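What follows is a single structure, written as structure tokens, with notes after it.
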Amino acid sequence: MATVLIVDDDRALRRAIATALADLGHDTAEAANGEAALVWLARDHADAVLLDLRMPGMDGMDVLRRIRTMADPPPVAVLTAVPTSDNTIEAMRLGAADHLAKPIGRDALRALLARMLPVIDATAFGAAPPDTRDGDLVGSSTAMREVQKSIGMLADSDATVLLLGETGSGKEIVARAIHRHGRRAQAPFVPVNCAAIPAELLESLLFGHVRGAFTGALADRSGSFRDAQGGTLFLDEIGDMDLAMQAKLLRALQERVVTPVGGRPVAIDVRVIAATHRDLIQSVRDGKFREDLYYRLGVVPLALPPLRERLADIVPLAEHFLALSADGGPPKRLSPDAASRLLAHPWPGNVRELLNAMKRASTLVRRSVIAAEDLAFLATHASQSGTSADTQAGSIDWLAGTLPEVVARVEIELIRRALVASGGNRAQAAEQLGIRRQLLYQKLERYGPAVSANATDDVPEADQPAAPK
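In case it helps, our numbering puts the sequence shown at residues 316 to 784.
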């Protein structure tokens, strides 16, 4: 049994959470605002705090900062009806145990407290970064929110991070977000694409050289490590680095010293983030990547999900890219059938492919609304790659018929994929789809055994919703 303090200005929601926690065997206390919560914590002890983000007066972030300065702070989970990458990253950076979207059910509460109660997070409290936007770091899917939480926890650390993910999945965007939200944000962020630079030039680019060190060295060059002094060096496509260069990089990382070509060793203070789309473990087995460098870079590995596993993010990302492509005018909008076509596309090029598709549509479509036929090039590209939705689900004309028929066809396929990916677990499938579990149950009932055959009952019978009438 634990004592849980519920801080929310919505009385009905506080009561609902308190009832659910009581059913789970916990004691509860309630506070209607941040000031009342701090007064309560000054005189009583809580084993955990559930904290609303948006409240009148002192908001959740201010309350979290104050709690984290206490001598023995309880773990805090931030709850919000409007999760964004900014508030997710900031909450985790300030030491929140978790950051969840409301509403939250009984099973989710049970799992949350199981994570919170054994450990009190002792992450050092620091000043908030300036108010920035995360640009293309857009997404509220379960997979992307986990990435955002990791960014918040990694931001103030100097640990080397290894970003893993398919080409176009946003590895540099995540690296920039880690830098921007951390204590090195005011220092340089220096990206280097290891695959784009010939091996014989990479040493000079990274470590620098002195004048006359080799033919063509007409002036001193500081090198990317020293250019990033105090900040972050991002080594993209590290899996393509030459083996000889890997040995020199390993020494620099271990000794925190670089030696310019023809020069003397220089101490460095740089946080390194590396990224690759390759399977480095297989590269180690094949003798193409040093095992010691792999473990040195992979202190904190962070896998980025491909876009096809972020179904709930596709349309918001598309709208975001359309706004970026508006050139000061009103952004173009997606018709329902265009949104359905985006959801049915497998996106082998991930977020970069979606960005380019929206730029193309925004440039070539004169109307204010983009229709499905304006995105016909997506089907062509998918068929050329051999990974189209048609090849995965049979020969289907996705846009044949009326709009309700098209929407139903796409919904059935997306639900089927989510159930397969989750092993039939309905709660996980609903999270992947970005919808509430009750809505998924209604759609399973509507569409019948074609999509529900592999579904499993993942909640107690009492929690099952009634079939729609």
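A virtual CB, placed ideally from N, CA and C, is assigned to each residue, including glycine. Here the structure is a predicted model, which means the values were calculated and not measured.
inquiry  = Would you say the beta carbon of Leu-409 is closer than 7 angstroms to some non-hydrogen atom of the ligand SAM?
reply    = Ligands in the displayed structure: none, and consequently the ligand SAM is not present.
With H, G and I counted as helix, E and B as strand and the rest as coil, what does DSSP make of Pro-398?
In the structure shown, Pro-398 sits in coil (DSSP, three-state: anything other than H, G, I, E or B).
Buried/exposed call for Ala-386, threshold 16 Cβ in 10 Å: exposed
Original post:
For Leu-520 versus Gly-538, is the C-beta distance shorter than 8 angstroms?
Top reply: Cβ atoms of Leu-520 and Gly-538: closer than 8 angstroms.
Problem - For Ile-588, the first and last residue of its enclosing alpha helix (DSSP H) - result: Not the alpha helix (DSSP H): Ile-588 falls in the beta strand (DSSP E), residues 586-591.
So, for Gln-747: in the same chain, excluding its five sequence neighbours on each side, which residues have a beta-carbon less than 8 angstroms away from its beta-carbon? Ser-456, Thr-457, Ala-458, Glu-624, Leu-626, Ala-627, Ala-733, Ala-736, Ser-737
Counted within 10 angstroms of its Cβ, other Cβ atoms place Ile-321 as buried (16 or more) or exposed
By the Cβ neighbour-count rule, Ile-321 is buried, with 16 or more other Cβ atoms within 10 Å of its own.
Q. Taking one C-beta from the segment 504-514 and one from the segment 639-653 each time, how about it: are there three or more such pairs within less than 8 angstroms?
A. Because the criterion of three Cβ pairs below 8 angstroms is not met, the segment 504-514 and the segment 639-653 do not touch.
For Val-391, which residues from the same chain have a beta carbon less than 7 angstroms from its beta carbon, with the 5 sequence-adjacent residues on both sides left out?
Val-364, Leu-366, Leu-379, Ile-382, Ala-411, Ala-412
Quiz item: For His-660, which three-state DSSP category applies?
Solution: coil
### Task
Quick one: grab the DSSP three-state call for Ala-618.
strand
Starting from the Cα of Val-614, find the closest Cα among Glu-487, Arg-329, Glu-606 and give me that residue. If you compare the alpha carbons of Glu-487, Arg-329, Glu-606 with that of Val-614, the shortest gap goes to Glu-606.
* Going by beta carbon distance, what residues of the same chain come within less than 7 angstroms of Met-560, once the five residues before and after it are set aside? -> Ala-514, Leu-517, Glu-518
Could you compute how far the alpha carbon of Phe-636 sits from the alpha carbon of Asp-642? For Phe-636 and Asp-642, the gap between their C-alpha atoms comes out near 11 angstroms.
**Item:** Range of the contiguous beta strand (DSSP E) that encloses His-494
**Value:** Counting along the chain, His-494 falls outside any beta strand (DSSP E), though it belongs to the alpha helix (DSSP H) covering 486-495.
For the alpha helix (DSSP H) containing Thr-678, list its first residue and its last residue. 665-679
Q | Nearest to Glu-640 (by Cα), restricted to the options Ala-618, Val-666, Ser-677, Arg-656 | A | Looking at the sequence provided, one finds Ser at residue 640 rather than Glu. Among Ala-618, Val-666, Ser-677, Arg-656, the Cα nearest to that of Ser-640 belongs to Ser-677.
>> Just to confirm my understanding: we take Arg-681, look at its own chain, exclude 5 residues before and 5 after, and list those with CB closer than 7 angstroms. What are they?
In response: none
**Asked** Taking the beta strand (DSSP E) that Asp-422 falls in, what are its first and last residues?
**Response** Where Asp-422 is concerned, there is no enclosing beta strand (DSSP E), although the alpha helix (DSSP H) it sits in stretches over 421-431.
ask   = Would you report the Cα separation of Val-397 and Gln-544, rounded to the nearest angstrom?
value = 37 angstroms
For His-609, count neighbouring Cβ atoms within 10 angstroms of its own Cβ and tell me buried if that reaches 16, exposed if not.
Checking the sequence, you will find Tyr at residue 609 rather than His. With 16 or more other Cβ atoms within 10 Å, it is buried.
Pairwise C-alpha distance: Glu-405 and Arg-586
20 angstroms
query = Whose C-beta lies closer than 7 angstroms to the C-beta of Gly-441 among residues of the same chain, with five residues either side of it excluded?
reply = The pLDDT assigned to Gly-441 is 28, lower than 50, so where the model puts this residue is not dependable; a value taken from the coordinates is nonetheless given after this. Within its own chain, the residues whose Cβ lies closer than 7 angstroms to the Cβ of Gly-441, once the five positions on either side in sequence are excluded, are Asp-471, Arg-498, listed in chain order.
**Request:** Within the same chain, show all residues whose beta-carbon is closer than 6 angstroms to that of Arg-421, passing over the 5 residues directly before and after it, in chain order.
**Result:** Ala-335
CB-CB under 7 angstroms to Ala-633, same chain, minus the five flanking residues each way: which ones, in chain order?
-> Leu-649, Leu-657, Leu-669, Met-673
Below 7 angstroms CB to CB, which residues in the same chain sit around Asp-324 once its five sequence neighbours on both sides are set aside? Ala-347, Asn-348, Asp-367, Met-370, Pro-371
Member of Val-462, Gln-597, Leu-432, Ala-589 whose CA lies at the smallest distance from the CA of Thr-399:
Val-462
Check your understanding: What does a CB cutoff of less than 7 angstroms around Ala-474 pick up in its chain, not counting 5 residues either side in sequence?
Key -> Val-614, Val-615
Please list, in chain order, all residues of the same chain as Lys-464 whose beta carbon is under 7 angstroms from its beta carbon, the five residues on each side excluded.
Thr-403, Met-407, His-414
Alpha carbons only, please: which of Asp-551, Lys-603, Phe-540, Thr-395 is nearest the one belonging to Arg-571?
Taking each of Asp-551, Lys-603, Phe-540, Thr-395 in turn and checking the Cα distance to Arg-571, the smallest one comes out for Phe-540.
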